[in-house]
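**Q** Residue numbering for the sequence shown follows our numbering, starting at 43 and increasing by one per position.
Idealized CB from N, CA, C, for every residue including glycine.
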Amino acid sequence: MTHDAKNMTVVVTGASGRTGGRVAQAAEAAGLTVRAASRAQGFDYANPSTWADVLRGADAAYVVYPSDIGAPGAAEAVGALAREAVGLGVRRLVLLSSRGQDRARAAEEALHASGADWTVVRASWFAQNFSEGPLVEELRLSGALVFPAGEVREPFVDVRDIGEVVVAALTAGDRYVGQTITVSGPRLLTFGEAVAEIGEAAGRPLTYRAVSPRQYGDNLAGFGVPPEEVEALVEAFTQLLDGRNAHLSDGVQQVLGREPRDFRQFAREAAAAGTWKGV
Ligand SMILES: NC(=O)c1ccc[n+]([C@@H]2O[C@H](COP(=O)([O-])OP(=O)(O)OC[C@H]3O[C@@H](n4cnc5c(N)ncnc54)[C@H](OP(=O)(O)O)[C@@H]3O)[C@@H](O)[C@H]2O)c1
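(1) Of the residues Ala152, Ala127, Gly205, which one's Cα is nearest the Cα of Arg64?
(2) Keeping to the same chain, check which residues put their C-beta closer than 6 Å to that of Ala78; ignore five residues upstream and five downstream.
(3) Determine the extent of the alpha helix (DSSP H) in which Arg251 is found, giving its start and end residues.
(4) Look at Val297 and Ala69 and say whether their C-beta atoms are less than 8 Å apart.
(5) Identify whether Ser140 lies in helix, strand or coil by the three-state DSSP scheme.
(6) Can you check the segment 48–125 for any alpha helix (DSSP H) of at least 4 residues that lies completely inside it and give the ranges in chain order?
(7) Considering Gln221, what are the terminal residues of the beta strand (DSSP E) in which it resides?
(8) Which residue's Cα is closest to the Cα of Arg164: His154, Thr249, Glu150?
(9) Can you tell me which of the three DSSP states Ala165 falls into?
(10) Heavy atom of ligand 1 less than 7 Å from the Cβ of Ala119, yes or no?
(11) Which same chain residues end up closer than 6 Å to Ala309 when comparing Cβ atoms and leaving out the 5 residues on each side of it in sequence?
(12) Does the segment 113–133 touch the segment 194–203, meaning 3 or more C-beta pairs lie closer than 8 Å?
(13) Can we count Ser226 as close to ligand 1, meaning its CB is less than 7 Å from some heavy atom?
(14) Looking at the unbroken alpha helix (DSSP H) that takes in Val178, where does it start and where does it end?
(15) Does the segment 217–234 come into contact with the segment 255–263, if we say contact requires no fewer than three beta-carbon pairs (one atom in each stretch) closer than 8 Å?
(16) Between Phe279 and the rest of its own chain, which residues show a CB-CB distance below 6 Å, the 5 nearest in sequence each way excluded?
(17) So, do the segment 225–237 and the segment 89–107 have three or more beta carbon pairs nearer to each other than 8 Å?
(18) If you measure between the beta carbons of Leu135 and Ala158, is that distance less than 8 Å?
(19) Considering only residues of the same chain and omitting the five flanking positions on each side of Tyr87, which have a CB-CB separation below 6 Å?
(20) Specify whether the segment 164–182 and the segment 140–149 touch according to this definition: at least 3 beta carbon pairs, one from each stretch, less than 8 Å apart.
(21) Which residue marks the beginning of the alpha helix (DSSP H) containing Glu301, and which one marks its end?
(22) Thinking just about the alpha-carbon of each residue, which of Ala146, Leu74, Gln67 is nearest to the one in Lys48?
(23) Given a threshold of 16 other Cβ atoms within 10 Å of its Cβ, counted over all protein chains shown, does Phe172 qualify as buried or as exposed?
(24) Looking at the unbroken alpha helix (DSSP H) that takes in Gln281, where does it start and where does it end?
(25) With a threshold of 16 other CB atoms inside 10 Å of the CB of Gln257, please say whether the residue is buried or exposed.
(26) Secondary structure at Arg286, three-state DSSP: helix, strand or coil?
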């Protein structure tokens, strides 16, 4: 099976989010027709009766599960969505998964079992976790990040690279069907070093304070995060940040034939856009 990109319609779930937004941009730049699918377009993971209208007539889909891919219920939802897509003739599916997280494997296996022409993109921590999402307000308002990452090193990946890898995989015919592509950034940094680079780029001193996953969970609970979500996050962070992920992965180089974007470039660009401007 080969797809002519110019005639390809791709459903992009999570299109208003970090990776989906970049997948949509990269897909449009490559000449694909993008069909955005988040709740604003009537597509809701919590309501399977909304799925068919979004999928029908498309050639491919980028599947992003909105909460943690290792969370309870994720594998069932991903499997059900993939089966529905295949049943409607949308066989080419690319799933975003998480690097070094045992609980993410169930969703990947559900995709494999769906009969789809699948590709899994396993990603390291996003650089954009610091600029889009819950961490950014904390950094911007208090000048400090409190996080359960100790001194562990992580190769933060730029979500623009994820978008480009997904689109390259979608438009490469069968080349990446049945494959798992693991992507990371090009450099290992502790969370403290990442925050310091952001501070340098933003022109203000920003600090990082390590706490234990349990303390972090207690803080989240204090902000009203439901107990089962807190437990899932504490478990995920404990595993993801225990040192097993302190290595680089070469998926960006393999698929795009170039180095991944560096964290310093991300920090400079986001700082120039005013992301961490103090109040
Ligand atoms: N953060 C990381 O470092 C990292 C690393 C590896 C993997 N991941 C995985 O990345 C995934 C999240 O991707 P992301 O960061 O690109 O997403 P995101 O920025 O958190 O955005 C979530 C997207 O999902 C949509 N959404 C939320 N609830 C929905 C629902 N009930 N039905 C349909 N759409 C819904 C949102 O749009 P609306 O609110 O408009 O519906 C939004 O477009 C998770 O599965 C996570 O495990 C994250």
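**A** So, to answer that:
(1) Gly205
(2) Cβ neighbours of Ala78 beyond the five flanking positions: Val54, Ala57.
(3) In the DSSP assignment, Arg251 falls outside any alpha helix (DSSP H) and lies within the beta strand (DSSP E) extending over 249–252.
(4) no
(5) Strand at Ser140.
(6) Every alpha helix (DSSP H) of 4 residues or more that sits fully in the segment 48–125 is shown, in chain order, as 60–71, 93–97.
(7) Counting along the chain, Gln221 sits inside the beta strand (DSSP E) bounded by residues 221–225.
(8) Glu150
(9) Under the three-state reduction of DSSP, Ala165 is assigned to strand.
(10) Ligand 1 never approaches Ala119 closely enough for any of its heavy atoms to be under 7 Å from the residue's Cβ.
(11) The beta carbon of Ala309 lies closer than 6 Å to those of Glu239, Ile240, Ala243 in the same chain, with the five residues before and after it left out.
(12) no
(13) no
(14) In the DSSP assignment, Val178 falls within the unbroken alpha helix (DSSP H) covering 176–184.
(15) no
(16) Once the five neighbours on either side are set aside, the close Cβ partners of Phe279 are Pro190, Pro255.
(17) no
(18) yes
(19) Ala119
(20) yes
(21) Segment: none, Glu301 is in no alpha helix (DSSP H) and carries neither H nor E.
(22) Leu74
(23) By the 10 Å Cβ count, Phe172 comes out buried.
(24) 269–282
(25) With fewer than 16 Cβ atoms within 10 Å of its Cβ, Gln257 is classed as exposed.
(26) coil
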